[in-house]
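K.L.:
Dropping the structure in here first, questions after.
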Amino acid sequence: MIPPFLWRAFRANETAVHELNYLFWECTTRCNLHCRHCGSDCFASSADSDMPLEDFLKAFDTIPRESIAKPFTVVLTGGEPVLRPDIEEIGRALRSRGVSWSIVSNGWFYDEQKHKALMAAGLGALTISLDGLEESHDWMRGRSGSFLRARRAIELAAAEKRLNFDVVSCINRRNLSELEQMYSLLTSLGVKQWRLFSIIPIGRAASDKEMLLSAEEFRSLLEFIKNKRADKSAPMKVTFSCEGHLGKYDSAVRDTPFFCRAGINIASVLIDGTICACPNIDRKIFGQGNIYKDNFFRVWEEGFELFRSREKWARKGSCAECKLFRDCLGGGMHNWHGDISDGPLVCLRDLAL
Amino acid sequence: MRKLFHNLLKGLSLTAILFVFQACYGTPNGDPYYAQDEVPENQTPNGENNGPVESPDASSEAAE
């Protein structure tokens, strides 16, 4: 376990250096599913057109060659990125610039033909969402058949040795009791990495009580992860997501202490050109300019002040008197929505106590 | 100085785990299977040729 003071020193140094390693591109907001917890409120036909590849590349090419870190990944997200008709072209353009690229997908369109085409275009990493067993997953995803499609995608990806692949699951009141069965299913499919999330009340989940775990339910999720990680011979690594500091559970459910790297190592280009960090962050508050007006790399180097100075402004609401603030800094940046003077939406440490 | 410290830590295998991270709703970072500057040919590992695959249509699929 890393002593907190050393981790804080490391975090401060990383914040000062702010090496860009991870760039989301919200390349479409079209989606074929209608998920109950969607943070983007995506629809089959979006009001926003897909961003042309050349617009994104123009922004990407503001990064000097010598400033492209190793590793560097461009993560295609949405919406459902596999809906892009030029996704293989996108992949090749990124590979020709010396960077990895990856996709977050619901798996619906990820059949064998698509898998081969994406691998041929240099797909390096993939995340597929699975939100429960068949009934729960289809309920959550708003469409019958989505579980079977996701399962097919998982089988294909897990068998692919050249792919850095994981499965993510958003845990809610309905699928919490299915964790053991999901674990068995995923290990039987050959999955090696599984990340679990609780759901923060943003996007469609903001008004859906079935999405949000009680404190007791949240602790049972953390206990599940802790127990699975204690088994060093387990075939699959289980991790909790990066949503906030978890008090006594923090070191038991993650590899390293909590550290929100949004704006420190992570940036995004959103569908309308807004420059931000993770796409689920409140872009109206934390947006840092726009690729159609600003030089992307200059914004990365000189902007993102709110992301890199959280000690100065985030001691608000439930964080005001918190003894863990120096380690948590208010949790994930996506936990700050609307009026940030009220503090973060959720305190995970309180839930985990 | 900070950059030097960052590079030193990053270069040590013992501390490499400090630099492995994954954004909340993102994929694993990087892929160990390609050199970063490798541009894949239009080939799969078993040598089959693969051109682009026709893209699905969200609206028509949604209407299924």
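Each protein sequence line maps, in turn, to chains A and B.
First residue of the first sequence? That's 1101 in the working numbering, and the numbers climb one at a time after it.
First residue of the second sequence? That's 429 in the working numbering, and the numbers climb one at a time after it.
Glycine included, every Cβ here is placed at the ideal spot set by N, Cα and C.
What did DSSP end up calling TYR1349/A once you bin it into helix, strand or coil?
P.N.:
Indexing the first sequence from 1 puts residue 1349/A at position 249. Reduced to three states, the DSSP call for TYR1349/A is helix.
K.L.:
Taking only three categories from DSSP, how would you classify VAL1291/A?
P.N.:
Within the first sequence, the letter at position 191 stands for residue 1291/A. If DSSP states are grouped into helix, strand and coil, VAL1291/A belongs with coil.
K.L.:
Grouping DSSP H, G and I as helix and E and B as strand, with all else coil, what is CYS452/B?
P.N.:
On the second sequence, position 24 is the one that residue 452/B refers to. If DSSP states are grouped into helix, strand and coil, CYS452/B belongs with coil.
K.L.:
Please check the pair GLY1290/A and GLY1431/A, which I expect to be a contact at CB under 8 Å, by giving their CB distance rounded to whole angstroms.
P.N.:
Sequence index remark: in the first sequence, residue 1290/A carries index 190 (1-based). Sequence index remark: in the first sequence, residue 1431/A carries index 331 (1-based). With 8 Å as the limit, GLY1290/A and GLY1431/A do not qualify as a contact, their Cβ atoms being about 33 Å apart.
K.L.:
Would you identify the three-state DSSP class for LYS1337/A, choosing helix, strand or coil?
P.N.:
Here residue 1337/A is taken as the residue at index 237 of the first sequence, counted from 1. Of the three classes helix, strand and coil, the one that applies to LYS1337/A here is strand, per DSSP.
K.L.:
Going by C-alpha distance, which of LEU1312/A, ARG1274/A, ASN1272/A, ARG1251/A is nearest LEU1285/A?
P.N.:
Indexing the first sequence from 1 puts residue 1285/A at position 185. Ranking LEU1312/A, ARG1274/A, ASN1272/A, ARG1251/A by Cα distance to LEU1285/A puts ARG1251/A first.
K.L.:
Is the beta carbon of THR1356/A sitting closer than 9 Å to the one on ARG1295/A?
P.N.:
Against the first sequence, residue 1356/A aligns to sequence position 256. Against the first sequence, residue 1295/A aligns to sequence position 195. No, these two residues do not count as a Cβ contact at 9 Å.
K.L.:
Under the rule that 16 or more other beta-carbon atoms within 10 Å means buried, what is MET1282/A, buried or exposed?
P.N.:
The count along the first sequence starts at 1 and reaches residue 1282/A at position 182. Answer is buried; the Cβ neighbour count reaches 16.
K.L.:
Where DSSP assigns a beta bridge to ASN1390/A, which residues make up the other side?
P.N.:
Taking the first residue of the first sequence as position 1, residue 1390/A is located at position 290. Partner(s): THR1374/A.
K.L.:
Exposed or buried, which one is ASP1155/A when buried takes at least 16 other CB atoms within 10 Å?
P.N.:
Locating residue 1155/A in the first sequence gives position 55, counting from the first residue. ASP1155/A is exposed by the Cβ-count criterion.
K.L.:
Let me check understanding here. Comparing Cα to Cα, which of SER1288/A, VAL1446/A, GLY1178/A, GLY1222/A lies closest to ASN1530/A?
P.N.:
The question about residue 1530/A has no answer, for chain A in this structure spans 1101 to 1453.
K.L.:
When you compare only the Cα positions, how much space is there between LYS1214/A and ARG1130/A?
P.N.:
Along the first sequence, one-based indexing puts residue 1214/A at 114. Along the first sequence, one-based indexing puts residue 1130/A at 30. Their backbone Cα atoms lie some 18 Å apart in a straight line.
K.L.:
Using the beta-carbon count (16 or more within 10 Å), is ASP459/B buried or exposed?
P.N.:
Counting from 1 along the second sequence, the entry for residue 459/B is found at position 31. Buried: at least 16 other Cβ atoms inside 10 Å.
K.L.:
Taking Cβ-Cβ distances below 8 Å as the criterion, which residues of the segment 1347-1370 of chain A are in contact with chain B?
P.N.:
So the close ones are ASP1355, THR1356, PHE1359, ARG1361, ALA1362, ASN1365, ILE1366.
K.L.:
With a threshold of 9 Å between beta carbons, is SER441/B in contact with chain A?
P.N.:
In the second sequence, residue 441/B corresponds to position 13, counting from 1. No - not a single Cβ of chain A is within 9 Å of the one on SER441/B.
K.L.:
Run through the segment 1190-1240 of chain A for me and flag every whole beta strand (DSSP E) of 3 or more residues, listed as ranges in chain order.
P.N.:
With a minimum length of 3 residues, the continuous beta strand (DSSP E) runs that stay inside the segment 1190-1240 of chain A are 1200-1205, 1225-1229.
K.L.:
Taking the CB atoms as reference points, tell me whether THR1266/A and GLN1293/A lie closer together than 9 Å.
P.N.:
Here residue 1266/A corresponds to residue number 166 of the first sequence, with the count starting at 1. Here residue 1293/A corresponds to residue number 193 of the first sequence, with the count starting at 1. According to the sequence provided, residue 1266/A is Asp. The question's Thr does not apply to it. In this structure, GLN1293/A lies closer than 9 Å to ASP1266/A by Cβ.
K.L.:
Name, please, each residue of chain A whose Cβ falls closer than 8 Å to the Cβ of LEU436/B.
P.N.:
For the purposes of this step, residue 436/B is taken as residue 8 along the second sequence, with counting starting at 1. The contacting residues do not exist; LEU436/B stays about 11 Å from chain A at best.
K.L.:
Name, please, each residue of chain B whose Cβ falls closer than 7 Å to the Cβ of CYS1342/A.
P.N.:
Numbered from 1 along the first sequence, position 242 holds the residue referred to as residue 1342/A. Chain B residues near CYS1342/A: CYS452.
K.L.:
DSSP three-state call for GLU1411/A: helix, strand or coil?
P.N.:
On the first sequence, residue 1411/A is found 311 positions in, with the first residue counted as 1. Of the three classes helix, strand and coil, the one that applies to GLU1411/A here is helix, per DSSP.
K.L.:
In chain B, which residues lie less than 7 Å from PHE1110/A when you measure between Cβ atoms?
P.N.:
Translated into the one-based positions of the first sequence, residue 1110/A becomes position 10. Those are LEU446, listed as they occur along chain B.
K.L.:
Mark ALA1334/A as exposed unless 16 or more other C-beta atoms lie within 10 angstroms of its C-beta, in which case mark it buried.
P.N.:
To locate residue 1334/A, count along the first sequence from 1; it is residue 234. It counts as exposed.
K.L.:
Shorter than 9 Å from the beta carbon of ILE1440/A to some beta carbon of chain B?
P.N.:
As a working mapping, residue 1440/A is identified with position 340 in the first sequence. With 9 Å as the cut-off, ILE1440/A does not count as an interface residue toward chain B.
K.L.:
Any C-beta of chain B sitting closer than 9 Å to the C-beta of GLN1293/A?
P.N.:
Locating residue 1293/A in the first sequence gives position 193, counting from the first residue. Chain B contact via Cβ: present.
K.L.:
Applying the criterion that 16 or more other CB atoms from any shown protein chain within 10 Å of the CB defines a buried residue, is ILE445/B buried or exposed?
P.N.:
Within the second sequence, the letter at position 17 stands for residue 445/B. ILE445/B is exposed by the Cβ-count criterion.
K.L.:
Enumerate in chain order the residues of its own chain whose CB-to-CB distance from GLU1234/A is below 6 Å, with the five nearest sequence positions on each side excluded.
P.N.:
For the purposes of this step, residue 1234/A is identified with residue 134 of the first sequence, where counting begins at 1. Same-chain partners within the cutoff: PHE1247.
K.L.:
Do you know how far the Cα of LYS1328/A is from the Cα of GLU1280/A?
P.N.:
Translated into the one-based positions of the first sequence, residue 1280/A becomes position 180. Translated into the one-based positions of the first sequence, residue 1328/A becomes position 228. Answer to the nearest angstrom: the Cα atoms are 10 Å apart.
K.L.:
Starting from the N-terminal side, write out each stretch of the beta strand (DSSP E) that is 3 residues or longer and does not extend beyond the segment 1256-1288 of chain A.
P.N.:
Whole beta strand (DSSP E) segments, 3+ residues: 1264-1271.
K.L.:
Could you check how far apart the C-beta atoms of LEU1429/A and CYS1360/A are, in whole angstroms? I think they sit under 8 Å.
P.N.:
The residue given as residue 1429/A occupies position 329 in the first sequence. The residue given as residue 1360/A occupies position 260 in the first sequence. About 7 Å separates the two Cβ atoms, so the contact holds.
K.L.:
How about ALA1258/A and TYR1210/A: do their beta carbons lie closer than 9 Å?
P.N.:
Sequence index remark: in the first sequence, residue 1258/A carries index 158 (1-based). Sequence index remark: in the first sequence, residue 1210/A carries index 110 (1-based). No, Cβ-Cβ distance for ALA1258/A and TYR1210/A is not below 9 Å.
K.L.:
Using 8 Å as the cut-off, can you tell me whether the segment 1388-1404 of chain A makes contact with the segment 1297-1315 of chain A, which would need three or more C-beta pairs spanning the two stretches below that distance?
P.N.:
With a cut-off of 8 Å, the segment 1297-1315 of chain A and the segment 1388-1404 of chain A do not count as touching, because too few Cβ pairs lie within range.
K.L.:
Looking only at C-alpha atoms, which of SER1341/A, LYS1416/A, ARG1408/A sits nearest to TYR453/B?
P.N.:
Residue 453/B sits at position 25 when you count from the first residue of the second sequence. Among SER1341/A, LYS1416/A, ARG1408/A, the Cα nearest to that of TYR453/B is on SER1341/A.
K.L.:
Is there a Cβ of chain B sitting closer than 9 Å to that of HIS1345/A, yes or no?
P.N.:
The residue given as residue 1345/A occupies position 245 in the first sequence. Not closer than 9 Å to any Cβ of chain B, the Cβ of HIS1345/A fails to qualify, so no.
K.L.:
Taking only the alpha-carbon atoms, compute the straight-line gap between ILE1168/A and TRP1201/A and give it to the nearest angstrom.
P.N.:
As a position in the first sequence, residue 1168/A is number 68, starting the count at 1. As a position in the first sequence, residue 1201/A is number 101, starting the count at 1. So the alpha carbons of these two residues sit roughly 13 Å apart.
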